[in-house]
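Chains as they are written, first to last, in my numbering: chain A, 1 to 337; chain B, 1001 to 1337; chain C, 2001 to 2337; chain D, 3001 to 3337.
Beta carbons: idealized from backbone N, C-alpha and C, even for Gly.
First comes the structure, then the notes that go with it.
4 protein chains.
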Amino acid sequence: MSLKIALIGCGMIGREHIERIQNRIRGAQVVAVCDVFEEGAKKGAEIAGTGTKVYTDFHEAINDPEVNAVVVTTPGAFHKEPVIAAIQAGKPVFSEKPLANTAADCKEIVDAEMAGGKHLVQVGFMRRYDRGYRQVKELLDSGKFGAPMVIKCTHRADGVAPDYTTAMAVTDTAIHEIDVLPWLVNDEWDEVQCIMPKTSCKAHEGLKDPQVMIMKTKGGIVNILEVNVNCGFGYDINCEVVCENGVVNLPCPSFPTVRYANNVSTKIEDNWILRFIDSYDVEIQDWVDHAVKGETGGSSAWDGYVASITADALVKSQTSGTFEKVVTGGTPDFYKK
Amino acid sequence: MSLKIALIGCGMIGREHIERIQNRIRGAQVVAVCDVFEEGAKKGAEIAGTGTKVYTDFHEAINDPEVNAVVVTTPGAFHKEPVIAAIQAGKPVFSEKPLANTAADCKEIVDAEMAGGKHLVQVGFMRRYDRGYRQVKELLDSGKFGAPMVIKCTHRADGVAPDYTTAMAVTDTAIHEIDVLPWLVNDEWDEVQCIMPKTSCKAHEGLKDPQVMIMKTKGGIVNILEVNVNCGFGYDINCEVVCENGVVNLPCPSFPTVRYANNVSTKIEDNWILRFIDSYDVEIQDWVDHAVKGETGGSSAWDGYVASITADALVKSQTSGTFEKVVTGGTPDFYKK
Amino acid sequence: MSLKIALIGCGMIGREHIERIQNRIRGAQVVAVCDVFEEGAKKGAEIAGTGTKVYTDFHEAINDPEVNAVVVTTPGAFHKEPVIAAIQAGKPVFSEKPLANTAADCKEIVDAEMAGGKHLVQVGFMRRYDRGYRQVKELLDSGKFGAPMVIKCTHRADGVAPDYTTAMAVTDTAIHEIDVLPWLVNDEWDEVQCIMPKTSCKAHEGLKDPQVMIMKTKGGIVNILEVNVNCGFGYDINCEVVCENGVVNLPCPSFPTVRYANNVSTKIEDNWILRFIDSYDVEIQDWVDHAVKGETGGSSAWDGYVASITADALVKSQTSGTFEKVVTGGTPDFYKK
Amino acid sequence: MSLKIALIGCGMIGREHIERIQNRIRGAQVVAVCDVFEEGAKKGAEIAGTGTKVYTDFHEAINDPEVNAVVVTTPGAFHKEPVIAAIQAGKPVFSEKPLANTAADCKEIVDAEMAGGKHLVQVGFMRRYDRGYRQVKELLDSGKFGAPMVIKCTHRADGVAPDYTTAMAVTDTAIHEIDVLPWLVNDEWDEVQCIMPKTSCKAHEGLKDPQVMIMKTKGGIVNILEVNVNCGFGYDINCEVVCENGVVNLPCPSFPTVRYANNVSTKIEDNWILRFIDSYDVEIQDWVDHAVKGETGGSSAWDGYVASITADALVKSQTSGTFEKVVTGGTPDFYKK
């Protein structure tokens, strides 16, 4: 069996996934594309190749009888409806991150999936598929290093668009660490605090950057996350896990070492697409491989909901400055592993 | 169009390629397997999946009308006949390295391919597909570093089987550098010298290990290659290119950095399969992508022949100790790029 | 002119300084040693060489007319009296860190020195003399990297004695970062918070370890310090300064890189003495060079007092868990640079 | 006892040693300086301080009754006579490298020292005092890595003066590796070969640069040395020792690691003075400490002679291109350790 995919939302990331699925993924094919702007949908179809159906109504695309799986790459505010439509159609659906822009919307998706009784939703947190994080997880799970106690991360980007807001440091940027770290150390967030250092002269008017986020897990691990989106020197993701017997660091991307102009140097990756391009391939392939078997892999709808709740607590702390609790109500049996 | 492959030779590397093509490669499928030992062929067919045809005669496999491409993974001494059979059948053929065990056999293949008038043969030197070598080549080709003058390589393996001979340090091991370095710096071998240091206590009786190979290109680049196949600490491939304005080093494989037991350390890869597993995937995919268009990529039959001539000169120098000339007679127009 | 030193307190660090001054320092000589235990004083004299005077009363030692400078290496609780005695004798005095065990005692020393009207006291915070910190300071002061915004430090030790307490993580360990960081970035502490992660299984009963200390400067720099004194893998000091245009990391101690047993590794230093042995030499030499000219270098009595106030705030936060203010009352003109 | 030194030759390196001895070395003092140019001698005396005697005749300086030790920092061609004069005066003498410019001159010094029957001569090969080389030697001598088999060195300099010749790549540059490597691995040179790669566009007219020197020891170790004195990116000394059980690399100089402009980088040292400034201090201190006890440390006159013989063989191979034997006639008992 092979996936016949309707892809909803033909913006930048949507078009990239079309290209990915048609050219680098086995066992899946984009057969229909949809965008509220017909022009956009047509561009997507052009990438997908001749014979691709073009829709402007996502309900029609999802319910096309040829379609047996859905990829949602609309803006976050417009994830909920197509994801729920896919659930109602009983078709596996891959939603780009975040699952939705509000915890309430995420909760609706979770409820819809539980009501349907089948695991159909996977959320596109691609870091769980990064080779480096997987290597770190394997080392941690080996037990050799003892229990994790402290984690230190940096999430640095070269620069951001003028409409990037202080809250987006959480909802767009830290959201990746919010998802990947509990997975990495098999734990759950308990409370979070956001501290504002001196703001960089590079941050545009009104933006607080960098930010330091202190995030405690229920098991007592303290994570310190530096979000720094105007660092000016590239896209620089680091993660150090301090355990009882040793410390494990996420590998940096692999580039030649160069001796030039009085320096020994190695390149820092330019941007997140290049940094995680391999992870996207692995992620989509894994989703396809699970979906053809009626399963899901990666982040679940519940994971997406928890990420949203955690982000809300961090955003609250951006003004309160104190620890804020992450209250999820507990994992439903449906989502327990 | 999609490749329907007959794979000839179901030993270890053959079975790996079957698994690779069936599970990780787009646009190709193993439809027939062949081994002189029926038992081996059946094992290969099992990996390839139901419906795979089983042959013990490679002529029959290659000439099966369903088959439109050939992969040769027999022992090196048995490459020539199936490769030439594929040429005569006008079907694209991927031969594992070396192209053949003797320069004379390689020459026969070259002559057969030229006689046929179509580029059909690709040789499995996978390093040209390694991401690190490609990054180095891109930096060198950028011109920023000026002309390469000296190259220093290590080819270290944890250990070798008891039947590994002094000559195999050239023909099995150095053969990879023999192929990849001229490609890396756009040059050709001119003369080579082999120097024998003190032999390691770990080398088995009769084996000279390590060996130092000095290899000059026509353009005057001096390459120093350390072959060291009983190093005892893993599979360790390094390559440093000294240019007029700077030095470029091949990246090491990417592993977490660990603080443990009074050391900051990073793993060295265990073996060549793991070190180059990504390259094999990229290589086979590239061959498939070229073959469906009636083209070849990677190393040509001529490259395979030149590698064989160069290896012969190095083996000669293992006893003479002096520089030996690499005489190829010049690249035929057919193979000029 | 040359320093004729009375060294007060012949314990481990005292004996080390005797050996250092007699053998590696120019322009100074230990001529008298003092310890309340005569046995200890005699051991010190043995290291100092024949002719060294032996005292058990520090007043006598300090006021010996041959003596023109004083080194105080008694336990911290017994620093105040000999330091003040030296001030009153008008002789330059080097006090090992901390200046005193309580802020009140430090304040008495500060007051005594201001009353005397001469700068006579230097406190033994040796990190200001570490080559690595000096290199980092030079880069920061160059302005190339813009303003510092975030600092991340680790202060890890292999293990600690059973009498090491939770408070000592501040007063004995973090005290070094408390002193060196404001000097490094030309700023002052404003408020500090101590967060307790899950405790290591290696920490003895009753000890909270590791600890995470969040320390803000008046200029808005946020420092995150991991104190981790049972890390089990050596003495591991790191410091990363995140600036507006780039990030600067303290160099690690220099050891050969080794390929062995499937790892590329570099040693982590065993303990603080070895890690900072060069700094001690530079520090004492710098003190001598200043003292012969009637000056002081390094950390002043005021710096020692501020460190004590800051440590008190951190200790308070170890139980409160919230930010605690660092209130010094402002630098007196006498200590302004 | 303390050394009262006459320093002969007040050029750049001479003046540096004067400053070093007066300011950083214990147990020694420059009391007399000598230069054939009175102006130069006076400049040296100015650095040495008031009361320093000024000579233009080295015999007078050496035989001044106040003088009890000699430092020779004349140009290499003028080492022999003052060194022999010091031997004849029975005074310990430190000669900058090389011991002399010809093997014949070196031999005369060796013969004079043996005739005198006392070890008086130390040659200024400072690398034996570099902390990194000492760490490597300690690891090798520990036996953990087994026997050394291959060594790979780079000796790279940013650029050279227009009068630097092809032969000086051996006599001025490689001379350091010629001395330090046999000491490092407890072996002796047997035969050497010089190979000329393509010449750098940065090398001035007539200069062959880079050069690759292949140097075998009597024990069968093969050393590959890249001399590259127009590398353009700093002063870059590397040394990798490949042993039976592992590989040991000389540490690079310690500088902060910096993230800036899309690179993670560490500085390469600017020049040899900065790279080895610590070694010079340790070397001169060690000479002083030995000399006051009537002993010598570091490189002996015999070592200086052997270095000269080896350099001659390498220079010969610069034109012959083949292996040339290093014939010393065997270490006299007088110099055996």
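Cut-off 7 Å between Cβ atoms - residues of its own chain near Val3288(D), not counting five sequence neighbours on either side
Here the question's residue 3288(D) lines up with position 288 in the fourth sequence. Within the same chain, Val3288(D) has close Cβ partners Leu3003, Ile3025, Gly3027, Ala3028.
Simplified DSSP state of His3176(D), which is helix, strand or coil:
In the fourth sequence, counting from the first residue as 1, residue 3176(D) sits at position 176. Note: His3176(D) maps to helix in three-state DSSP.
Interface flag, Leu3099(D) vs chain E, CB-CB below 8 Å
Of the protein chains in the structure, A, B, C and D, none is chain E.
Spatial neighbours of Ile221(A) within its chain, please: C-beta separation below 8 Å, excluding the five flanking residues on both sides.
Stepping through the first sequence from its first residue, residue 221(A) is reached at position 221. Counting only Cβ-Cβ distances below 8 Å, and skipping sequence neighbours, we find Pro148, Met149, Val150, Ile151, Val185, Asp187.
The beta strand (DSSP E) spanning His17(A) covers which residue range?
Taking the first residue of the first sequence as 1, we reach residue 17(A) at position 17. Note, His17(A): premise wrong, no beta strand (DSSP E); alpha helix (DSSP H) at 12–24.
Is Pro2197(C) close to chain A, meaning its C-beta is less than 8 Å from at least one C-beta of that chain?
The count along the third sequence starts at 1 and reaches residue 2197(C) at position 197. Closer than 8 Å: yes.
Just the chain A side, please: which residues come within less than 8 Å of Pro1256(B) by C-beta, in chain order?
As a position in the second sequence, residue 1256(B) is number 256, starting the count at 1. Gly132, Gln135, Val136, Leu139, Val248, Asn249, Leu250, Pro251, listed in chain order.
Please check the pair Met2215(C) and Asn2223(C), which I expect to be a contact at CB under 8 Å, by giving their CB distance rounded to whole angstroms.
For the purposes of this step, residue 2215(C) is taken as the residue at position 215 of the third sequence. For the purposes of this step, residue 2223(C) is taken as the residue at position 223 of the third sequence. Going by Cβ atoms, the distance from Met2215(C) to Asn2223(C) rounds to 4 Å, so yes, they are a contact pair.
Counting only runs of 3+ residues fully inside the region 111–165 of chain A, write out the beta strand (DSSP E) ranges in chain order.
121–124, 148–156
Out of Arg3128(D), Gly3090(D), Asp3105(D), state which residue places its alpha-carbon closest to the alpha-carbon of Gly3116(D).
Indexing the fourth sequence from 1 puts residue 3116(D) at position 116. Per the Cα distances, Gly3090(D).
Once you ignore the five residues that flank Leu139(A) on each side, which residues in its own chain have a CB closer than 7 Å to its CB?
On the first sequence, position 139 is the one that residue 139(A) refers to. Correct list, in chain order: Phe145, Val248.
N-terminal and C-terminal residue of the alpha helix (DSSP H) that Lys3316(D) is part of
The residue labelled residue 3316(D) in the question sits at position 316 within the fourth sequence. It spans 3301–3320 - the alpha helix (DSSP H) in which Lys3316(D) sits, taken as one unbroken run.
Cβ neighbour criterion (16 or more within 10 Å) applied to Cys1201(B)
Mapped onto the second sequence, residue 1201(B) falls at position 201. Result: exposed.
How many angstroms separate the CA atom of Phe3276(D) from the CA atom of Pro1092(B)?
Counting from 1 along the fourth sequence, the entry for residue 3276(D) is found at position 276. Counting from 1 along the second sequence, the entry for residue 1092(B) is found at position 92. Near 60 Å, if we compare the C-alpha coordinates of Pro1092(B) and Phe3276(D).
Could you please give the first and the last residue of the uninterrupted beta strand (DSSP E) stretch that includes Ala1006(B)?
Taking the first residue of the second sequence as 1, we reach residue 1006(B) at position 6. Looking at the DSSP string, the run of the beta strand (DSSP E) that includes Ala1006(B) is 1003–1008.
For Trp2183(C), which of Thr2165(C), Asp2035(C), Arg2134(C), Pro2082(C) has the nearest alpha-carbon?
In the third sequence, residue 2183(C) corresponds to position 183, counting from 1. Selected option, being the one with the closest Cα: Arg2134(C).
Cβ of Ile1273(B) within 8 Å of Cβ of His1017(B)?
Within the second sequence, residue 1273(B) is the residue found at index 273, counting from 1. Within the second sequence, residue 1017(B) is the residue found at index 17, counting from 1. The answer is no: Cβ separation not under 8 Å.
Three-state secondary structure assigned by DSSP to Leu1225(B)
Here residue 1225(B) is taken as the residue at index 225 of the second sequence, counted from 1. Here Leu1225(B) sits in strand by DSSP.
Let me know if Glu2269(C) comes out buried or exposed under the rule of 16 or more other beta-carbons within 10 Å of its beta-carbon.
Position 269 of the third sequence, counted from the start, is the residue given in the question as residue 2269(C). Buried: at least 16 other Cβ atoms inside 10 Å.
Any 3 or more C-beta pairs closer than 8 Å across the region 1056–1074 of chain B and the region 1028–1044 of chain B
yes
Please identify, using Cβ separations under 7 Å, the residues of the region 226–246 of chain A that lie next to chain D, in order along the chain.
Phe233, Gly234, Asp236
Helix or strand or just coil, what does DSSP make of Ile2237(C)?
As a working mapping, residue 2237(C) is identified with position 237 in the third sequence. Looking at Ile2237(C) - three-state DSSP - the assignment turns out to be strand.
Nearest-angstrom Cα distance between His119(A) and Cys231(A)?
As a first step, residue 119(A) is located in the first sequence; it is residue number 119 there, counting from the start. As a first step, residue 231(A) is located in the first sequence; it is residue number 231 there, counting from the start. Whole-angstrom Cα-Cα distance: 40 Å.
At 8 Å on the CB atoms, spell out the chain A contacts of Ile3268(D), in chain order.
Here residue 3268(D) corresponds to residue number 268 of the fourth sequence, with the count starting at 1. Ordered by position in chain A, the residues that pass the 8 Å Cβ test against Ile3268(D) are Arg259, Asn262, Asn263, Val264.
Contact criterion: CB-CB distance below 8 Å. Does Arg3156(D) meet it with respect to chain C?
Position 156 of the fourth sequence, counted from the first residue, corresponds to residue 3156(D). Taking Cβ atoms only, chain C never reaches closer than 8 Å to Arg3156(D), which makes this a no.
Nearest CA to the CA of Asn2238(C): which residue from Asn1245(B), Ala1112(B), Gly1234(B), Arg1259(B)?
Along the third sequence, one-based indexing puts residue 2238(C) at 238. For Asn2238(C), the nearest C-alpha among the options comes from Arg1259(B).
Any idea what DSSP makes of Met196(A), helix, strand or coil?
Here residue 196(A) is taken as the residue at index 196 of the first sequence, counted from 1. Coil at Met196(A), not helix or strand.
Counting only Cβ pairs nearer than 7 Å, list the residues of chain B close to Gly3220(D).
Looking up residue 3220(D) in the fourth sequence gives position 220. Chain B residues near Gly3220(D): Pro1197, Lys1198.
Would DSSP call Asn3063(D) helix, strand or coil?
Position 63 of the fourth sequence holds residue 3063(D). Reduced to three states, the DSSP call for Asn3063(D) is helix.
Delimiting residues of the beta strand (DSSP E) encompassing Ser3254(D)
Within the fourth sequence, residue 3254(D) is the residue found at index 254, counting from 1. That residue, Ser3254(D), is in no beta strand (DSSP E); it is neither H nor E in DSSP.
Which residue from Val1030(B), Gln1088(B), Tyr1305(B), Ser1308(B) puts its Cα closest to that of Val1071(B)?
As a working mapping, residue 1071(B) is identified with position 71 in the second sequence. Checked all of Val1030(B), Gln1088(B), Tyr1305(B), Ser1308(B); the closest Cα to Val1071(B) is Val1030(B).
For Val3160(D), count the other beta carbons within 10 Å of its own beta carbon; 16 or more makes it buried, fewer makes it exposed. Which is it?
The residue you call residue 3160(D) lines up with position 160 of the fourth sequence. Val3160(D) is buried by the Cβ-count criterion.
Compare the Cα-Cα distances from Pro3082(D) to each of Val3121(D), Met3114(D), Trp3302(D), Glu3046(D) and report the closest residue.
As a first step, residue 3082(D) must be located in the fourth sequence, where it is residue number 82. Checking every option, the nearest Cα to that of Pro3082(D) belongs to Val3121(D).
Separation of Ser265(A) from Thr3154(D), as counted between CA atoms:
Position 154 of the fourth sequence, counted from the first residue, corresponds to residue 3154(D). Position 265 of the first sequence, counted from the first residue, corresponds to residue 265(A). Their backbone Cα atoms lie some 18 Å apart in a straight line.
Classify Thr1322(B): buried if its beta carbon has 16 or more other beta carbons within 10 angstroms, exposed otherwise.
Residue numbering aside, residue 1322(B) sits at position 322 when the second sequence is read from its first letter. Thr1322(B) should be labelled exposed.
Does chain D have any CB closer than 8 Å to the CB of Arg2128(C)?
On the third sequence, position 128 is the one that residue 2128(C) refers to. It does not: the Cβ of Arg2128(C) has no partner Cβ on chain D nearer than 8 Å.
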